[in-house]
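Before any comments, here is the structure.
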Amino acid sequence: MRVPTGISELDAMLHGGLMRGDVTLVVGSAGTGKTTLALQYLVNGAMKFNENGLYVTFEQLPAQIYRDAASFGWDIRKLEAEGKLRVVCTSPPVLAQFVEPRNPIDPIIEEVNAKRIVIDSISHLESFIPASELRSELYRLVSHLKMKELTSVFTSESHEVFGDRLVVTGVGLSFLVDCIILLRIVEVQSSLKKALTILKIRGSDHDKSLREFEITSQGIKVAAPFTQYEGVLTGAPRLSLSEQRFVEMFSKASEKKR
Amino acid sequence: MKETGLHELSEKLIGSEIKAELLRLFHMNPGILDTVEGIARRVGRMPKDVEAEISPLVEVGVLRRERFGKLDIVSLNTGKDKEIRDRLAALVKGDMEG
Numbered sequence: 007m008r009v010p011t012g013i014s015e016l017d018a019m020l021h022g023g024l025m026r027g028d029v030t031l032v033v034g035s036a037g038t039g040k041t042t043l044a045l046q047y048l049v050n051g052a053m054k055f056n057e058n059g060l061y062v063t064f065e066q067l068p069a070q071i072y073r074d075a076a077s078f079g080w081d082i083r084k085l086e087a088e089g090k091l092r093v094v095c096t097s098p099p100v101l102a103q104f105v106e107p108r109n110p111i112d113p114i115i116e117e118v119n120a121k122r123i124v125i126d127s128i129s130h131l132e133s134f135i136p137a138s139e140l141r142s143e144l145y146r147l148v149s150h151l152k153m154k155e156l157t158s159v160f161t162s163e164s165h166e167v168f169g170d171r172l173v174v175t176g177v178g179l180s181f182l183v184d185c186i187i188l189l190r191i192v193e194v195q196s197s198l199k200k201a202l203t204i205l206k207i208r209g210s211d212h213d214k215s216l217r218e219f220e221i222t223s224q225g226i227k228v229a230a231p232f233t234q235y236e237g238v239l240t241g242a243p244r245l246s247l248s249e250q251r252f253v254e255m256f257s258k259a260s261e262k263k264r
Numbered sequence: 288m289k290e291t292g293l294h295e296l297s298e299k300l301i302g303s304e305i306k307a308e309l310l311r312l313f314h315m316n317p318g319i320l321d322t323v324e325g326i327a328r329r330v331g332r333m334p335k336d337v338e339a340e341i342s343p344l345v346e347v348g349v350l351r352r353e354r355f356g357k358l359d360i361v362s363l364n365t366g367k368d369k370e371i372r373d374r375l376a377a378l379v380k381g382d383m384e385g
């Protein structure tokens, strides 16, 4: 059973959407569009798929989220008033209570009848939990969300903006989650572009191409794969010569010689 | 909440700069669900100063304070908040007319 994000090209890459009840990690450096993608997933859920959602933020105040979402035409306040979406702004210690039998998040999930949840970002929770307990605590959180049958999206900050070294997370969270979507800024022909790829989906095939994407006035729009380039994930791709293009270039060079 | 006059109610609500900041924070961000430490960070104040100002707002009913495990969590009491705002508006109106 698939849970569409509502971003049609991404859903096609996911072969229909996220798997119901799965936890997806959206990883990217600052400014890559993690929050936009996560919000779009919830807004589309509430507006197009009759699936209510909960957005948990640690740093950004709801007022800022309302304002940023409005620039994409998403009226979060209206969705909140209609009981379809709820924005909760809290601190990591409060979210850590989520796995306790009595916690402040469960009543909100029930009140909104949430089927989708976003935690933006899991990196803040990671900074709160002692390193020795981090993996087991994250495992507990992932299990709790699955028991509640929520289809979850965690955002995670990657510190590498460019370069060939890529660390998805430092604590093995990539093994705990079911799906990983990587967002990256790349330099192509002296311009900065955004690239998206799906690194894994547990138990399902997926499109493995690297796609360019843009943040438009309607939200994220995924475009064609970077077919003419290789090394895109390093942030500094180079043109790759397809066999056909190589033959064309070779022919032109031969003609010039004659 | 016991009946209070305009002066007493407004004193409880906005009797200090920090109280006014807290009310503004919660009204603009009704989804805040946080500890006193977390709220203090969001208004750029020290927790002890915010702690002192939150109690009267809880007493009036604008904010709700609930214990979860080891944490005291503060949030906007949305239903009560509207009731108090309406009441304040009525008191201001009455004060101007009287």
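As you go down the protein sequences, you meet chains D and P in turn.
Numbering follows our numbering, in which position 50 of the first sequence is assigned residue number 56; successive positions increment by one, without gaps.
Numbering follows our numbering, in which position 52 of the second sequence is assigned residue number 339; successive positions increment by one, without gaps.
Heads up, the beta-carbon is just placed ideally off N, CA and C, and yes, glycines get one too.
The structure displayed is predicted, hence computed values, not measured ones.
Can you say whether residue i is buried or exposed, counting buried as having 16 or more other CB atoms within 10 angstroms of its CB?
i, result
"P/His314", "exposed"
"D/Gly68", "At residue 68 of chain D the sequence reads Pro, which differs from the Gly that was named. So D/Pro68 ends up on the buried side."
"P/Lys233", "Since the first and last residues shown for chain P are 288 and 385, residue 233 of chain P lies out of range."
"P/Met373", "One detail in the question is off: residue 373 of chain P reads as Asp in this sequence, not Met. Its Cβ having fewer than 16 others within 10 Å, P/Asp373 is exposed."
"P/Glu384", "exposed"
"D/Ala44", "buried"
"D/Met19", "buried"
"P/Gly318", "buried"
"P/Lys335", "exposed"
"D/Pro110", "buried"
"D/Gln46", "buried"
"D/Gly219", "The amino acid at residue 219 of chain D is misidentified as Gly; the sequence shows Phe. That one is buried."
"D/Thr233", "exposed"
"P/Glu353", "exposed"
"D/Lys84", "exposed"
"D/Gln142", "Residue identity check: residue 142 of chain D is Ser in the sequence provided, not Gln. Counting Cβ neighbours within 10 Å, D/Ser142 comes out exposed, since fewer than 16 surround it."
"D/Leu245", "exposed"
"D/Gly178", "exposed"
"P/Ala377", "exposed"
"D/Lys121", "buried"
"D/Asn58", "buried"
Cβ closer than 7 Å: which chain P residues qualify as neighbours of residue i?
i, result
"D/Gln103", "Phe355, Gly356, Leu358"
"D/Asn109", "Phe355"
"D/Pro99", "Thr322, Leu358"
Name the chain D residues whose beta carbon is nearer than 7 Å to that of residue i?
i, result
"P/Met333", "What P/Met333 touches in chain D: nothing, since even the nearest Cβ is about 16 Å away."
"P/Arg311", "Result: empty, since nearest Cβ-Cβ is about 10 Å, beyond 7 Å."
By the criterion of Cβ-Cβ separation under 9 Å, what are the contact partners of residue i in chain D?
i, result
"P/Ile319", "Leu67, Pro68, Val94, Cys95, Thr96"
Determine the chain A residues that contact residue i at a beta-carbon separation under 7 Å, and present them in chain order.
i, result
"P/Met315", "Going by chain labels, chain A is absent from the structure shown, which instead holds the protein chains D and P."
Looking at the strands, I want to know which residues DSSP matches up with residue i.
i, result
"D/Tyr235", "D/Leu245"
"D/Lys227", "D/Glu220"
"D/Met25", "D/Arg8"
"D/Lys199", "D/Val192"
"D/Thr38", "Paired residue(s): none; D/Thr38 is not in a bridge."
"D/Val159", "D/Thr30, D/Val124"
"D/Arg83", "Answer by DSSP bridge pairing: none, since D/Arg83 is not bridged."
"D/Tyr61", "D/Val93, D/Val124"
"D/Arg73", "DSSP output for D/Arg73 lists no bridge partner at all."
"D/Phe78", "Per DSSP, none; premise fails for D/Phe78."
"D/Leu131", "For D/Leu131, which the question treats as bridged, DSSP gives no partner whatsoever."
List, in chain order, every chain P residue whose beta-carbon is nearer than 8 Å to that of residue i.
i, result
"D/Glu106", "Phe355, Gly356"
If contact is defined by three or more beta carbon pairs under 8 Å, each pair taking one atom from either stretch, is the stretch 77-97 of chain D in contact with the stretch 334-343 of chain P? Three or more beta-carbon pairs separated by less than 8 Å are not found between the stretch 334-343 of chain P and the stretch 77-97 of chain D, which leaves the two stretches without contact.
With 9 Å as the limit, tell me which residues of the stretch 337-371 of chain P have their beta carbon closer than that to any beta carbon of chain D; keep them in chain order. Interface annotation for the stretch 337-371 of chain P against chain D: Glu353, Phe355, Gly356, Lys357, Leu358, Ile360, Ser362, criterion Cβ-Cβ distance under 9 Å.
Does the structure place the stretch 358-369 of chain P close enough to the stretch 302-322 of chain P that three or more beta carbon pairs sit under 8 Å? Because the criterion of three Cβ pairs below 8 Å is met, the stretch 302-322 of chain P and the stretch 358-369 of chain P touch.
Cβ pair count under 8 Å reaching 3, the stretch 191-200 of chain D against the stretch 61-80 of chain D: Flag = no, the stretch 191-200 of chain D and the stretch 61-80 of chain D do not touch.
Count Cβ pairs between the stretch 129-143 of chain D and the stretch 95-108 of chain D that sit closer than 8 Å; are there 3 or more? Yes, the stretch 129-143 of chain D touches the stretch 95-108 of chain D.
Determine contact between the stretch 33-50 of chain D and the stretch 149-167 of chain D, defined as no fewer than three beta-carbon pairs at a distance below 8 Å. These segments touch.
If contact is defined by three or more beta carbon pairs under 8 Å, each pair taking one atom from either stretch, is the stretch 216-235 of chain D in contact with the stretch 73-80 of chain D? In this structure the stretch 73-80 of chain D touches the stretch 216-235 of chain D; the number of beta carbon pairs closer than 8 Å is three or more.
Can you confirm whether the stretch 49-57 of chain D touches the stretch 197-210 of chain D when touching is taken to mean that 3 or more C-beta pairs between the two stretches lie within less than 8 Å? Judged by Cβ distances under 8 Å, the stretch 197-210 of chain D makes no contact with the stretch 49-57 of chain D, as fewer than three pairs qualify.
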